[in-house]
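The structure under discussion appears below in the form of structure tokens.
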Amino acid sequence: MKKFPLILFSLILSIGLWNPSEACTRVVYKGPQNTVITARSMDWRDEIPANLWVLPKGIDRNGLVGPKSVKWTAKYGSLVSSSWDIASADGMNEKGLVANLLWLGESQYPKFDGKGSKKGIAISLWAQYYLDNFATVKEAVEFSRKEPFVIVSDYIPGTERFTTVHLSISDASGDNAVFEYIDGKLVIHHDPSYTVMTNSPVFEEQLALNNYWKGIPGTVMLPGTNRAADRFVRASYYINAIPQTADTRTAIASVFSVIRNCSVPYGITSATEPNISSTRWRSVSDQKNLVYYFETVFTPNTFWVDLKDFDLSPKGKVMKLDLSNNNTYNGKSNANFKESAPFTFLGLK
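Residue numbers (mature numbering (1 follows the signal peptide of the UniProt record, and there is no 0)): -23 to -1, 1 to 326.
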């Protein structure tokens, strides 16, 4: 085994002492014949109700931060997983762009002046903005580098917990980017190789950890705890160790195996970590075939939704799949969606 550098030891030690109340994992698989699949787990200390929504193109939105709100019309239709029906936490659009929001306690957003010159978007709409407006990671990154707006965060309703997240996007070509606000400044990491992200630490430090563990054979030793650094290492190893195949059934099964391996057992408790998170749900997005797979810890079945079978034109209807009360679905579940009024994104109070 390589000599363990002191700086990396200090980094891993500091992460090991960090006590998250929210934790998630995101990983991207690239197989032959343009097979690209993005998976994520949603880990949370408390219940975080989710529903699935089909949102057609042509919907007018605004950033919900007052007179300086960004306004736009959705260019692409999308399928999203909501959190509390006030935010899009995860989703895929009709071009195969996938957006995932994960917690990042180190996030610090710019101060927003509602009477200033800079426009803003409420954090509840961050992922939705990218799904609405971009087909590829490249065009999203090029647009974002101009910093035409800032993300404006707020407290989660009914709590004293300030929302701090970072955003990952991937597209049907396998390109990847991560957006973080560190010390009030937007930091963009853009490279097709950035296939794994966890909730913490900042992405630059996640990459440093990965560089160290690349020198240690995964068949010899892999860190096994639920901590973010350990989940990052396991996901990085396993996503490259599973079969590289264009067979969709095999690829989806393999990717689900990876994201389940990085999940946190439901109801786990620890005397030293009273706010430890549990995995609540998992999604797997097939960006080649535009199929979105979903499972929750309280229902026994994995189900899926074919985005191609919905009317995503401006004449299409907003559709909802109700996941409340442990509603259980099996197999292709397009027919279980019901026409619904769209949920209301949370803006500034």
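Ideal Cβ placement from N, Cα and C applies to all residues, glycine included.
CA nearest to the CA of residue i, picked from the options
i: L267; options: S254, D283, R259 and T276; result: D283
i: R22; options: E272, G244 and K315; result: G244
i: T222; options: V5, E24, Q10 and Y270; result: Q10
i: residue 328; options: A185, K315 and V173; result: What the structure shows of the chain is the stretch from -23 to 326, and residue 328 is not part of that stretch, so it cannot be assessed.
i: L163; options: F271, S84, N176 and N110; result: S84
i: L81; options: N238, N39, T175 and A206; result: T175
i: L32; options: A318, D152 and T15; result: A318
i: F320; options: L41, S234 and W61; result: W61
i: L56; options: N302, K297 and K309; result: K297
i: N301; options: F322, D286 and T273; result: Note that residue 301 is Ser in the sequence shown, not Asn. Of F322, D286 and T273, the residue nearest in Cα terms is T273.
i: K292; options: E119, L184 and G35; result: G35
i: W103; options: P178, N307, M69 and V129; result: V129
i: S262; options: L29, G73, I219 and T140; result: G73
i: F280; options: Y269, D288, S290 and Y215; result: Y269
i: Y53; options: F139, F287 and L186; result: F287
i: Y215; options: N203, R237, R204 and K115; result: R237
i: V12; options: P44, V232 and L199; result: In the sequence under discussion, the amino acid at residue 12 is Thr, which differs from the Val named in the question. The option with the nearest alpha carbon to T12 is V232.
First and last residue of the uninterrupted beta strand (DSSP E) at residue i
i: D37; result: D37 to N39
i: T225; result: No beta strand (DSSP E) holds T225; the alpha helix (DSSP H) holding it covers T225 to N238.
i: L163; result: K162 to H167
i: F271; result: V268 to T273
i: F126; result: F126 to V129
i: T50; result: K48 to T50
i: I100; result: First-last for I100: undefined, no H or E at that position.
Distance between residue j and residue i (C-alpha atoms, nearest Å)
i: G8; j: Y171; result: 15 Å
i: I98; j: R38; result: 10 Å
i: N313; j: T305; result: 10 Å
i: D20; j: G93; result: 36 Å
i: W258; j: V5; result: 17 Å
i: S(-3); j: V295; result: Residue confidence is low: S(-3) scores 48 on pLDDT, short of 50, so the model does not pin down where it sits. No coordinate-derived value is stated.
i: G91; j: N278; result: 46 Å
i: V42; j: Q105; result: 15 Å
i: R17; j: N70; result: 16 Å
i: D67; j: E182; result: 24 Å
i: D207; j: A112; result: 32 Å
i: S254; j: Y158; result: 23 Å
i: T15; j: R3; result: 7 Å
i: L108; j: A27; result: 18 Å
i: E124; j: N307; result: 42 Å
i: S101; j: Y132; result: 11 Å
i: P169; j: S147; result: 8 Å
i: A185; j: F139; result: 27 Å
i: D229; j: P44; result: Per the sequence shown, residue 229 should be read as Ile rather than Asp. Near 44 Å, if we compare the C-alpha coordinates of P44 and I229.
i: A(-1); j: L79; result: 7 Å
i: V179; j: T225; result: 33 Å
Per-residue DSSP class, three states only, for residue i
i: D263; result: strand
i: E137; result: coil
i: S(-3); result: Its pLDDT being 48, under 50, S(-3) is placed unreliably by the model, and the measurement read from it follows with that caveat. In this structure, S(-3) counts as coil in the three-state DSSP scheme.
i: V31; result: strand
i: P24; result: With the sequence shown as reference, residue 24 is identified as Glu, and Pro is not the correct amino acid for it. Coil at E24, not helix or strand.
i: A117; result: helix
i: Y86; result: coil
i: S170; result: coil
i: S254; result: coil
i: Y6; result: strand
i: A149; result: coil
i: S290; result: coil
i: A312; result: helix
i: A318; result: coil
i: S301; result: helix
Residues bridged to residue i (per DSSP)
i: F111; result: The partner list for F111 (beta bridge, DSSP) is empty, contrary to what the question assumes.
i: F156; result: L144 and I165
i: V282; result: Y269
i: residue 338; result: The chain is shown from -23 up to 326; residue 338 falls before or after that span and cannot be answered.
i: V295; result: Answer by DSSP bridge pairing: none, since V295 is not bridged.
i: R122; result: None, per the DSSP bridge assignment.
i: V13; result: K7
i: Y243; result: The partner list for Y243 (beta bridge, DSSP) is empty, contrary to what the question assumes.
i: T202; result: The partner list for T202 (beta bridge, DSSP) is empty, contrary to what the question assumes.
i: T222; result: DSSP output for T222 lists no bridge partner at all.
i: S94; result: DSSP lists no partner for S94.
i: T276; result: In the DSSP output, where bridge partners are listed per residue, T276 has none listed.
The alpha helix (DSSP H) enclosing residue i, as first and last residue numbers
i: Y214; result: A205 to A218
Closer than 7 Å: residue i CB and nearest the ligand NAP heavy atom
i: G324; result: Summarising the ligand content, the structure contains no ligands, and the ligand NAP is consequently not present.
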